[in-house]
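A.B. asks: My questions all concern the structure below.
In UniProt numbering, the protein residues as written are 1 to 352.
What follows is the structure in structure tokens.
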């Protein structure tokens, strides 16, 4: 092989090395959520990319095998060619042949190493990181083809690697991770706000992150802070309570001070239309007008408490301790405020 052929092979091998590096980083960096819609539309490249992401360890084994072979060939084919091309001009300096040979080798090694690291490694890696979704669509199909071409070798190497990993008490994964933990999402949101790519002026997105960490007891109103009404309350008394406190819902308690349910302002209006109360609105509202409250524990996750309230169609929930005693009341309004901010009751004037 002449020297110029060696240089041509250097270009080819650098391109091949860059392909395997770019494909490796694209497979592990691409977002499944961006590829799946394209696959559903019939894109063959997207379907192949999904296959590669679902067999990540196999694709990584293919990439590493390709990178290793290219690296060895670059060193063994290209370095001698460059070394030989440098020998003649260095020989004109009059230096000893041994020194010329050493200088030529060192310079050739530096040139090959520079080209290999920059164009064969760093450039494709940075490109794959910058546009992973586009890169995986372009690079995954040929990578999958190579993996099938050398399937026996790659599967064997991957099997050996997986068993070595298991010896370290770690279970290897075949699929590239495409989901995030809550902490990771919170970090992404915070970083996006800092860099100005996410506008969360109202704090809604951040509130959602905090919402999942809270318990029912964190925002429930203690019994001692509630504005309550007796079980034999009348529509007139409810109207007075609304005029005084400005709330639309009131907890009803029995003679022992325990909550039995709650009434809404609209129950007063309905009571006036009830045939049993038309003649006297000063009579206690019937028990059918009192809405029961769903029970939740103090340690219940706030999102679970919200789900229970939604399923039951209730705006209030009894919050109980480990012994079953009611310690507070959870208001749907307060739960929603944790997500979207202040929700103002049109009739609200004071505190519960």
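Heads up, the beta-carbon is just placed ideally off N, CA and C, and yes, glycines get one too. Since this is a predicted model, take the numbers as computed values, not measurements.
1) May I ask which residues mark the beginning and end of the alpha helix (DSSP H) holding residue 68?
2) Taking the straight line between their C-alpha atoms, what separation do you get for residue 165 and residue 30?
3) Quick check: the region 299 to 312 against the region 244 to 252, are there 3 or more CB pairs under 8 Å?
4) Classify residue 324 as buried or exposed, calling it buried when 16 or more other Cβ atoms lie within 10 Å of its own Cβ.
5) Can you grab the Cα-Cα spacing for the pair residue 137 / residue 69, in whole Å?
6) Quick one: is residue 93 buried, meaning 16 or more other Cβ sit within 10 Å of its Cβ, or exposed?
7) Taking contact to mean at least 3 C-beta pairs separated by less than 8 Å, is the region 31 to 48 in contact with the region 156 to 163?
8) In angstroms with no decimal places, state the Cα-to-Cα distance between residue 125 and residue 89.
9) Counting Cβ pairs, one atom from each stretch, are 3 or more of them under 8 Å apart for the region 138 to 147 and the region 22 to 29?
10) My understanding is that residue 7 touches residue 78, with C-beta atoms under 8 Å, so please give their C-beta distance in whole angstroms.
11) Grouping DSSP H, G and I as helix and E and B as strand, with all else coil, what is residue 150?
12) Just to confirm the assignment, what range does the beta strand (DSSP E) spanning residue 264 have?
13) Sort 120, 61, 247 by Cα distance to residue 153 and report the nearest one.
14) Tell me the rounded alpha-carbon separation between residue 74 and residue 13.
15) Flag this pair as yes or no: are the beta carbons of residue 319 and residue 333 separated by less than 7 Å?
16) DSSP state of residue 17, grouped into three classes?
17) Looking only at its chain, what residues have a beta carbon closer than 8 Å to the beta carbon of residue 129, apart from the 5 residues adjacent to it on each side?
18) Which residue marks the beginning of the alpha helix (DSSP H) containing residue 305, and which one marks its end?
19) Specify the secondary structure class of residue 217 as computed by DSSP and reduced to three states.
20) To the nearest angstrom, how far is the alpha carbon of residue 71 from that of residue 15?
21) Take the Cβ of residue 289 as the centre, count every other Cβ of all protein chains shown within 10 Å, and call the residue buried at 16 or more, exposed below.
22) Distance check for residue 336 and residue 115, CA to CA, integer angstroms please.
23) Note down the Cα distance separating residue 122 from residue 18, rounded to an integer number of angstroms.
24) How should residue 33 be labelled, buried or exposed, when 16 other C-beta atoms within 10 angstroms of its C-beta is the threshold for buried?
25) Please state the DSSP three-state secondary structure of residue 26.
26) Can you tell me where the alpha helix (DSSP H) holding residue 34 begins and where it ends?
27) So, is residue 167 buried or exposed, given that buried needs 16 or more other C-beta atoms within 10 angstroms?
28) Once the 5 residues before and after residue 313 are set aside, which same chain residues still bring their CB inside 8 Å of it?
29) Ends of the beta strand (DSSP E) at residue 240?
30) Quick one: which unbroken alpha helix (DSSP H) runs of 4-plus residues sit fully inside the region 91 to 146? Chain order, please.
31) Would you kindly report the start and end of the unbroken beta strand (DSSP E) that includes residue 328?
32) For residue 228, report the span of its beta strand (DSSP E) as first-last.
33) Between the Cα of residue 54 and those of 257, 248, 172, spot the shortest distance and give me the residue it belongs to.
34) Taking the alpha carbon of residue 148 as the reference point, which residue from 258, 41, 58 has its own alpha carbon closest?
35) Are there 16 or more other CB atoms within 10 angstroms of the CB of residue 259, so buried, or fewer, so exposed?
C.D. replies: Answer, in terms of the structure:
1) 56 to 73
2) Approximately 24 Å between the Cα atoms of the pair.
3) no
4) exposed
5) 24 Å
6) exposed
7) Counting C-beta pairs with one atom in each stretch, the region 31 to 48 and the region 156 to 163 have fewer than three that are closer than 8 Å, which means they do not touch.
8) In a straight line, the C-alpha of residue 125 is about 36 Å away from that of residue 89.
9) yes
10) 7 Å
11) Note: residue 150 maps to coil in three-state DSSP.
12) 259 to 264
13) 61
14) 6 Å
15) no
16) Three-state DSSP puts residue 17 in a helix.
17) Once the five neighbours on either side are set aside, the close Cβ partners of residue 129 are 25, 29.
18) 302 to 312
19) helix
20) 11 Å
21) buried
22) When the Cα atoms are used, residue 115 and residue 336 turn out to be separated by approximately 58 Å.
23) Their Cα atoms are separated by approximately 9 Å.
24) exposed
25) The DSSP-derived three-state label of residue 26 is helix.
26) 32 to 40
27) So residue 167 ends up on the exposed side.
28) If we look at residue 313 and ignore the five residues flanking it on each side, it has no Cβ neighbours.
29) First-last for residue 240: 235 to 245, but that is the alpha helix (DSSP H), not the beta strand (DSSP E).
30) Those alpha helix (DSSP H) runs which fall completely within the region 91 to 146 and span 4+ residues are 97 to 117, 123 to 130.
31) 326 to 331
32) Looking at the DSSP string, the run of the beta strand (DSSP E) that includes residue 228 is 228 to 230.
33) When only C-alpha atoms are compared, the closest one is 172.
34) 58
35) buried
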